[in-house]
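A.B. asks: Residue numbers (the numbering used here): 152 to 502. Dropping the structure in here first, questions after.
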Ligand code: NAD
Ligand code: DAU
């Protein structure tokens with residue numbers, strides 16, 4: 152991993168990943184962050200590394216074939232880590248189309264550019280030979296498996312059965328990645344991860360939304376009975392898992408990544424209220440999300456036994472640090488909510 156293209160690096164997980172790589176990987180000589188800067192992309196997340204000589208930001212759309220090809224022509228990437236996506240389930244219910252174009256067509260555009268750039272005999276349609284050491288990693292989600300009942304865990308062989316437009320678009324993208332591996336012999340991997348938490352998560356998602364509302368003494372909207380279960384994983388553990396797959400993953404393989412940490416939404420909300428010394432009377436049950444998946448939980452066995460990765464954060468430590476981060480960075484939340492980060496971008500880059 153010498154020259155890395157990260158897509159969606161201005162978002163929550165992507166920006167944590169860029170920090171993680173620049174801090175921990177001496178082998179990475181160049182890292183390009185391609186991000187459209189949608190409402191979810193925020194260059195403030197990367198302000199502390201923007202002058203790192205190994206790092207370059209390019210504003211662009213993964214669906215723009217010409218732009219994506221131009222980036223590959225300029226930089227001889229050996230690694231692609233594809234985070235860029237529309238990522239919020241509730242938004243996908245309101246406006247599904249952009250989820251299909253960004254998450255499916257955007258993925259295919261990237262795969263085509265990588266294939267054209269990496270193939271050793273571009274004119275030979277039967278050739279499956281690629282430059283040595285290249286790898287494409289698709290960052291997917293456990294939501295592609297659909298919902299679990301009270302028992303059981305998602306394994307890599309659980310049938311894909313997505314329930315929301317978001318998860319359907321991610322499952323569609325996974326199928327395209329898989330097909331490029333099988334048909335063209337591309338060295339691809341897919342990681343399917345559970346719910347991440349940590350610094351810089353946009354406050355439309357459960358944990359930062361509840362922290363933000365509680366701090367402002369606003370009601371905490373809990374969908375339905377609040378007994379839906381998610382398997383929470385610290386974002387830094389997710390970044391380490393992605394590196395483990397890039398370093399040691401078998402081409403063509405899927406790896407599930409989970410936190411071994413199942414919690415109901417109500418448990419999470421109560422924990423946030425306790426940590427901030429706010430009353431439970433702020434909890435308000437609202438109409439449930441349509442098609443709401445009841446439970447997600449990951450079986451980590453494949454990645455732990457074959458690649459030696461495992462989560463190191465305990466939830467107590469991770470959530471305490473996360474709440475602290477939001478307390479210390481209240482202006483960050485105000486900026487992303489107000490769109491102030493767009494002004495920051497214009498000031499920094501002049502467009
Ligand atoms: P996010 O919404 O915080 O960030 C997405 C980023 O992608 C933003 O910076 C946005 O500007 C960028 N983007 C969107 N459309 C783009 C386009 N057309 N071209 C270029 N950039 C574009 O998302 P996140 O929570 O950081 O998730 C990152 C990835 O991880 C996604 O693929 C998501 O499906 C997956 N994932 C997320 C979680 C989670 O809990 N957040 C869990 C499992 C998997
Ligand atoms: O499982 C991985 C997925 O986790 C990722 O693929 C998605 O990108 C990410 O957004 C996340 O999806 P969820 O739908 O699980 O996350 P969200 O934070 O939106 O919701 C978590 C749970 O909390 C879910 O059961 C819905 C509930 N919820 C959420 C919000 C925003 C509420 O009860 N009230 C809320 O206001």
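Backbone N, C-alpha and C define an ideal beta-carbon position, used for all residues, glycine too.
Should residue 387 go down as buried or exposed, given a rule of 16 or more other Cβ atoms within 10 Å for buried?
C.D. replies: The residue is buried, with at least 16 neighbouring Cβ atoms inside 10 Å.
A.B. asks: Provide the residue(s) that pair with residue 292 in DSSP beta bridges, ordered along the chain.
C.D. replies: The partner list for residue 292 (beta bridge, DSSP) reads 344.
A.B. asks: I want to know whether the region 192-201 touches the region 236-253 - three or more CB-CB distances under 8 Å.
C.D. replies: The region 192-201 vs the region 236-253: no contact.
A.B. asks: Run through DSSP, which three-state label would residue 168 get?
C.D. replies: In this structure, residue 168 counts as helix in the three-state DSSP scheme.
A.B. asks: Between the region 221-240 and the region 270-287, are three or more C-beta pairs nearer than 8 Å?
C.D. replies: Segments in contact, yes.
A.B. asks: Considering only the alpha carbon of each residue, which of 384, 152, 312 lies closest to residue 347?
C.D. replies: Residue 347 has its Cα closest to that of 384, out of 384, 152, 312.
A.B. asks: Work out the CA separation of residue 404 and residue 191 for me, nearest whole Å.
C.D. replies: Using only the alpha carbons, I get a separation of about 29 Å.
A.B. asks: So what does DSSP say about residue 187, is it helix, strand or coil?
C.D. replies: Here residue 187 sits in coil by DSSP.
A.B. asks: Would you mind stating whether residue 373 and residue 437 have Cβ atoms separated by less than 8 Å?
C.D. replies: Contact flag set, yes.
A.B. asks: Can you name the residues that DSSP bridges to residue 438?
C.D. replies: Looking at the DSSP assignment, residue 438 forms no beta bridge with any residue, so it has no partner.
A.B. asks: Within 10 angstroms of its Cβ, does residue 378 collect 16 or more other Cβ (buried), or is it exposed?
C.D. replies: Counting Cβ neighbours within 10 Å, residue 378 comes out exposed, since fewer than 16 surround it.
A.B. asks: Less than 7 Å separating the Cβ of residue 187 from some heavy atom of the ligand NAD?
C.D. replies: Result yes, Cβ under 7 Å from the ligand NAD.
A.B. asks: Taking 7 Å as the cut-off, is the beta-carbon of residue 162 closer than that to any non-hydrogen atom of the ligand ATP?
C.D. replies: Ligands present in the displayed structure are limited to the ligand NAD and the ligand DAU, and the ligand ATP is not among them.
A.B. asks: Taking the beta strand (DSSP E) that residue 233 belongs to, which residues open and close that run?
C.D. replies: Here the beta strand (DSSP E) through residue 233 covers 230-233.
A.B. asks: Based on the DSSP secondary-structure assignment, which residues constitute the bridge partners of residue 385?
C.D. replies: The partner list for residue 385 (beta bridge, DSSP) reads 348.
A.B. asks: Please report how far the alpha carbon of residue 432 lies from the alpha carbon of residue 352, in whole angstroms.
C.D. replies: Approximately 25 Å between the Cα atoms of the pair.
A.B. asks: Give the list of continuous beta strand (DSSP E) stretches no shorter than 3 residues that lie fully inside the region 264-293.
C.D. replies: Correct list: 286-292.
A.B. asks: Rounded to a whole number of angstroms, what is the C-alpha to C-alpha distance between residue 330 and residue 427?
C.D. replies: Residue 330 and residue 427: Cα-Cα distance of roughly 48 Å.
A.B. asks: Report yes if the C-beta of residue 297 is less than 7 Å from at least one heavy atom of the ligand NAD; otherwise report no.
C.D. replies: No, the Cβ of residue 297 stays beyond 7 Å of every heavy atom of the ligand NAD.
A.B. asks: Label residue 155 either buried or exposed according to how many other C-beta atoms from any shown protein chain fall within 10 Å of its C-beta, with 16 as the threshold for buried.
C.D. replies: Buried, because 16 or more other Cβ atoms sit within 10 Å of the Cβ of residue 155.
A.B. asks: Do residue 376 and residue 413 have their C-beta atoms within less than 8 Å of each other?
C.D. replies: Contact: no.
A.B. asks: Taking Cβ to Cβ, would you say residue 316 is nearer than 8 Å to residue 250?
C.D. replies: Contact: yes.
A.B. asks: Have a look at 160, 473, 472 and flag the residue whose alpha-carbon is nearest the alpha-carbon of residue 189.
C.D. replies: The shortest Cα separation from residue 189 among 160, 473, 472 belongs to 160.
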